[in-house]
Every structure is written in C-alpha cells, then in structure tokens.
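Beneath this line is the structure, given in structure tokens, with notes to follow.
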Amino acid sequence: ITECMHARNTRDLAIKLNIPQFHNILQHFLQLQLQHDDCNPEDVPLDKCPFYDRPVHVSNSMSSTFYAPSDVSGCHGMHCEHIHCSPTWR
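Just so you know, we're using my numbering here: the sequence shown kicks off at 28 and counts up by one.
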C-alpha cells in the first residue's frame with residue numbers, strides 16, 4: 028500500500044502545491060474573512076494581515092453540513108455534502 032505524505036504546515040503545503048506565494052495568499056484570504064468593509068484585502072499590507080503559522084490538516088474526504096434557506100428540499104433547508112478527492116486521480 029502506498030501512503031501519501033500530507034503537508035503538516037503552510038510552508039510544506041506551498042511546496043507540495045507548487046505555489047510559492049501560498050502564505051501571502053492565505054494572509055490576504057484571512058484579511059478578507061475578518062474585514063467588514065468593501066476594501067480590497069490585497070490593498071492591505073502583508074504586515075497588517077493576520078499571520079497563520081499553525082499546523083494544517085490535509086484530508087482526501089470531507090463532509091460539510093450547512094443551512095441553505097433558499098433550497099427547502101432538505102430538512103428545513105439543511106444540507107450535507109461529501110467531497111472526495113484522490114491524489115492519484117488524473
């Protein structure tokens with residue numbers, strides 16, 4: 028059985044994904060999640076953006092439960108989605 032080695036931190040994930048600017052992208056994304064105005068998060072200097080330097084967890088399968096009030100086909104708008112990914116799929 029071949030095991031896939033998953034990245035354990037943002038630096039290793041950037042290398043694995045071959046995205047050298049991953050950490051900067053992540054900082055701008057976190058800024059976007061935190062700001063409450065229409066300012067472009069990329070206009071905020073990186074030293075003012077949130078810094079994330081904690082472990083990351085990579086998984087090939089996820090489940091998300093969410094409320095979609097515009098779609099009442101679920102139980103009162105509640106939905107559950109499963110996302111599966113295979114690193115060897117081409």
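Built from N, CA and C at the ideal position, the CB exists for glycine as well.
Quiz item: So, T92 versus C107, is the Cβ gap smaller than 8 Å?
Solution: Yes; because the gap between Cβ atoms is below 8 Å, this pair is in contact.
Quiz item: Out of curiosity, what's the CA-to-CA distance linking H50 and L61?
Solution: Cα-Cα distance, rounded: 17 Å.
Quiz prompt | Classification of Q48 by the beta-carbon crowding that lies within 10 angstroms, buried from 16 upward | solution = Residue burial is scored here from C-beta neighbours: Q48 has fewer than 16 other C-beta atoms within 10 angstroms and is therefore classed as exposed.
Quiz item: Is V83 closer than 8 Å to L44 when the C-beta atoms are compared?
Solution: Taking 8 Å as the cut-off, the beta carbon of L44 is found no closer than this to the beta carbon of V83.
Self-check item: Spatial neighbours of Y94 in its chain, beta-carbon cut-off 7 Å, leaving aside the 5 residues before and after
Solution: So the list reads G104 and M105, once near-sequence residues are dropped.
Practice problem: Indicate whether at least one CB of chain B lies closer than 8 Å to the CB of F93. | Solution: Of the protein chains in the structure, only one exists, and it is not chain B.
Self-check item: Residue interval of the beta strand (DSSP E) (run including I110)
Solution: Run containing I110: M105 to H111, per the beta strand (DSSP E) assignment.
Quiz prompt | Opposing strand residues paired with Y94 [DSSP bridges] | solution = Beta-bridge pairing links Y94 to M105.
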